[in-house]
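In our numbering, the protein residues as written are 764 to 928. For every residue, glycine included, the Cβ atom is placed at its ideal position computed from N, Cα and C. Every value quoted in this text rests on a predicted model; they were computed, and no experiment measured them.
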Amino acid sequence: MNPNTIKPLTLPSLLLADRSQLPACPAVYFVLDGDAVLYIGRTRNLQQRWLAHHRWYQLKVMSGNIRIAWLECSDASLLVAIETASIEHFEPSLNRTKVGGEQTKIFVYLPEELKADLERLAKSHYRPVSNMVLTLIQEAVDEAKSEGRIQNDDRSQQQKSDSDE
(Lines of atoms letter the chains of each structure in order from A; the text may use other names.)
(Lines give C-alpha, C1' and ligand atoms only; values in the text may rest on other atoms or scores of the structure.)
Protein backbone atom coordinates (compact mmCIF):
# COMPACT_ATOMS: atom_id res chain seq x y z
CA MET A 764 0.00 0.00 0.00
CA ASN A 765 1.25 3.45 -0.88
CA PRO A 766 1.13 5.68 2.25
CA ASN A 767 0.53 8.70 0.00
CA THR A 768 -2.99 7.38 -0.53
CA ILE A 769 -3.75 7.23 3.21
CA LYS A 770 -5.57 10.33 4.44
CA PRO A 771 -5.87 9.96 8.24
CA LEU A 772 -8.36 12.86 8.52
CA THR A 773 -10.82 11.05 6.25
CA LEU A 774 -10.60 7.69 8.03
CA PRO A 775 -13.24 6.64 10.56
CA SER A 776 -12.28 8.00 13.98
CA LEU A 777 -13.43 8.42 17.56
CA LEU A 778 -12.39 10.70 20.39
CA LEU A 779 -9.81 9.16 22.71
CA ALA A 780 -12.37 9.25 25.53
CA ASP A 781 -14.66 7.01 23.42
CA ARG A 782 -11.98 4.36 22.80
CA SER A 783 -14.15 1.58 24.26
CA GLN A 784 -16.42 2.01 21.20
CA LEU A 785 -13.65 1.22 18.72
CA PRO A 786 -14.31 -1.80 16.50
CA ALA A 787 -12.66 -5.13 17.31
CA CYS A 788 -10.80 -5.42 14.01
CA PRO A 789 -7.22 -5.64 12.75
CA ALA A 790 -6.07 -2.14 11.88
CA VAL A 791 -3.33 0.41 11.56
CA TYR A 792 -4.33 3.31 13.78
CA PHE A 793 -3.45 7.00 13.77
CA VAL A 794 -3.61 9.18 16.88
CA LEU A 795 -4.54 12.67 15.76
CA ASP A 796 -4.53 16.08 17.40
CA GLY A 797 -6.39 18.24 14.92
CA ASP A 798 -4.64 17.52 11.63
CA ALA A 799 -1.35 16.47 13.25
CA VAL A 800 -0.50 12.76 13.34
CA LEU A 801 0.96 12.12 16.81
CA TYR A 802 1.32 8.34 16.79
CA ILE A 803 0.85 5.37 14.49
CA GLY A 804 0.48 1.76 15.57
CA ARG A 805 -0.92 -1.58 14.50
CA THR A 806 -3.05 -4.21 16.19
CA ARG A 807 -5.04 -7.35 15.52
CA ASN A 808 -7.86 -6.02 17.73
CA LEU A 809 -8.24 -2.24 17.81
CA GLN A 810 -10.75 -2.12 20.66
CA GLN A 811 -8.73 -4.35 22.98
CA ARG A 812 -5.49 -2.55 22.15
CA TRP A 813 -6.89 0.78 23.29
CA LEU A 814 -8.36 -0.50 26.54
CA ALA A 815 -4.81 -0.52 27.97
CA HIS A 816 -2.59 1.31 25.49
CA HIS A 817 0.86 2.31 26.78
CA ARG A 818 0.32 5.88 25.51
CA TRP A 819 -3.10 6.31 27.15
CA TYR A 820 -1.92 8.28 30.20
CA GLN A 821 0.31 10.48 28.08
CA LEU A 822 -2.45 11.24 25.58
CA LYS A 823 -5.32 11.78 28.02
CA VAL A 824 -3.64 14.86 29.52
CA MET A 825 -3.35 16.50 26.11
CA SER A 826 -6.06 18.62 24.52
CA GLY A 827 -9.59 17.24 24.45
CA ASN A 828 -9.48 16.81 20.67
CA ILE A 829 -7.28 13.71 20.51
CA ARG A 830 -8.81 11.22 18.10
CA ILE A 831 -8.03 7.67 17.08
CA ALA A 832 -8.48 7.08 13.36
CA TRP A 833 -8.07 3.64 11.86
CA LEU A 834 -7.48 1.87 8.61
CA GLU A 835 -9.08 -1.56 8.84
CA CYS A 836 -6.92 -4.30 7.39
CA SER A 837 -8.66 -7.57 6.56
CA ASP A 838 -5.28 -9.24 5.92
CA ALA A 839 -3.47 -8.99 9.27
CA SER A 840 -0.22 -10.09 7.63
CA LEU A 841 -0.04 -6.62 6.01
CA LEU A 842 -0.23 -4.69 9.29
CA VAL A 843 3.53 -4.42 9.84
CA ALA A 844 4.23 -3.20 6.29
CA ILE A 845 1.43 -0.62 6.36
CA GLU A 846 2.43 0.63 9.81
CA THR A 847 6.12 0.91 8.86
CA ALA A 848 5.39 2.75 5.60
CA SER A 849 2.94 5.08 7.38
CA ILE A 850 5.43 5.95 10.12
CA GLU A 851 8.10 6.72 7.53
CA HIS A 852 5.67 8.84 5.50
CA PHE A 853 3.89 10.78 8.28
CA GLU A 854 6.80 10.95 10.79
CA PRO A 855 4.52 11.07 13.85
CA SER A 856 6.01 12.98 16.77
CA LEU A 857 5.45 10.32 19.45
CA ASN A 858 6.65 7.21 17.63
CA ARG A 859 10.08 6.08 18.78
CA THR A 860 9.96 8.32 21.84
CA LYS A 861 9.75 7.39 25.49
CA VAL A 862 6.29 7.23 26.96
CA GLY A 863 5.57 10.44 28.84
CA GLY A 864 4.46 10.56 32.43
CA GLU A 865 5.78 8.76 35.44
CA GLN A 866 5.65 4.99 35.20
CA THR A 867 7.18 2.44 37.48
CA LYS A 868 8.13 -1.09 36.56
CA ILE A 869 7.23 -3.72 39.12
CA PHE A 870 8.08 -7.39 39.32
CA VAL A 871 5.73 -9.98 40.78
CA TYR A 872 6.30 -13.62 41.58
CA LEU A 873 3.23 -15.70 40.75
CA PRO A 874 2.39 -19.31 41.43
CA GLU A 875 2.49 -21.26 38.14
CA GLU A 876 -1.26 -21.94 38.18
CA LEU A 877 -2.09 -18.25 38.64
CA LYS A 878 0.35 -17.31 35.87
CA ALA A 879 -1.30 -19.83 33.53
CA ASP A 880 -4.76 -18.46 34.39
CA LEU A 881 -3.57 -14.90 33.78
CA GLU A 882 -2.11 -15.87 30.41
CA ARG A 883 -5.41 -17.54 29.41
CA LEU A 884 -7.35 -14.46 30.54
CA ALA A 885 -5.09 -12.14 28.54
CA LYS A 886 -5.35 -14.38 25.48
CA SER A 887 -9.16 -14.43 25.71
CA HIS A 888 -9.09 -10.60 25.65
CA TYR A 889 -6.52 -10.50 22.80
CA ARG A 890 -4.04 -8.64 25.00
CA PRO A 891 -0.48 -9.03 26.13
CA VAL A 892 -0.22 -10.22 29.74
CA SER A 893 1.35 -6.92 30.84
CA ASN A 894 -1.63 -4.94 29.49
CA MET A 895 -4.06 -7.33 31.17
CA VAL A 896 -2.25 -6.93 34.50
CA LEU A 897 -2.33 -3.13 34.15
CA THR A 898 -6.07 -3.21 33.43
CA LEU A 899 -6.81 -5.49 36.40
CA ILE A 900 -4.74 -3.34 38.76
CA GLN A 901 -6.35 -0.13 37.49
CA GLU A 902 -9.85 -1.58 37.94
CA ALA A 903 -9.04 -2.72 41.49
CA VAL A 904 -7.56 0.66 42.46
CA ASP A 905 -10.48 2.57 40.90
CA GLU A 906 -12.94 0.39 42.81
CA ALA A 907 -11.06 0.87 46.08
CA LYS A 908 -11.03 4.65 45.56
CA SER A 909 -14.76 4.75 44.78
CA GLU A 910 -15.45 2.74 47.95
CA GLY A 911 -13.26 5.05 50.04
CA ARG A 912 -10.67 2.37 50.83
CA ILE A 913 -7.96 4.52 49.22
CA GLN A 914 -7.77 8.23 49.92
CA ASN A 915 -6.40 10.85 47.56
CA ASP A 916 -2.91 12.09 48.41
CA ASP A 917 -4.19 15.49 49.58
CA ARG A 918 -6.51 13.88 52.17
CA SER A 919 -3.85 11.48 53.47
CA GLN A 920 -1.34 14.35 53.70
CA GLN A 921 -3.89 16.42 55.66
CA GLN A 922 -4.55 13.52 58.05
CA LYS A 923 -0.81 13.05 58.53
CA SER A 924 -0.33 16.73 59.37
CA ASP A 925 -3.34 16.64 61.72
CA SER A 926 -1.87 13.65 63.59
CA ASP A 927 1.51 15.39 63.85
CA GLU A 928 0.00 18.30 65.80
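Item	Value
For the candidate residues ARG812, ALA790, ASN858, whose alpha-carbon lies nearest to that of ALA799?	ASN858
By DSSP, does VAL800 sit in helix, in strand, or in coil?	strand
Run through DSSP, which three-state label would GLU876 get?	helix
I'd like to know if ILE769 contacts chain C, where contact means its C-beta is closer than 9 Å to some C-beta of that chain.	Looking for chain C here will not work: only one protein chain is present.
What do you get for VAL904, buried or exposed, if any count of 16 or more other CB atoms within 10 angstroms of its CB means buried?	exposed
Pull the bridge partners of GLU902 from the DSSP assignment, please.	Bridge partners of GLU902: none, in fact.
Looking at the unbroken beta strand (DSSP E) that takes in ILE869, where does it start and where does it end?	Run containing ILE869: none; DSSP gives neither H nor E here.
Which two residues bound the contiguous beta strand (DSSP E) that contains LEU777?	776–778
Use the C-beta contact count for GLU851: other C-beta atoms within 10 angstroms, 16 or more gives buried, fewer gives exposed.	exposed
Can you name the start and end residues of the alpha helix (DSSP H) that ILE829 belongs to?	Where ILE829 is concerned, there is no enclosing alpha helix (DSSP H), although the beta strand (DSSP E) it sits in stretches over 829–835.
Between PRO786, LEU822, GLN821, TRP819, which has its C-alpha nearest ARG807's C-alpha?	PRO786
Confirm, please, whether the CB-CB distance from GLN784 to LEU777 is below 9 Å.	yes
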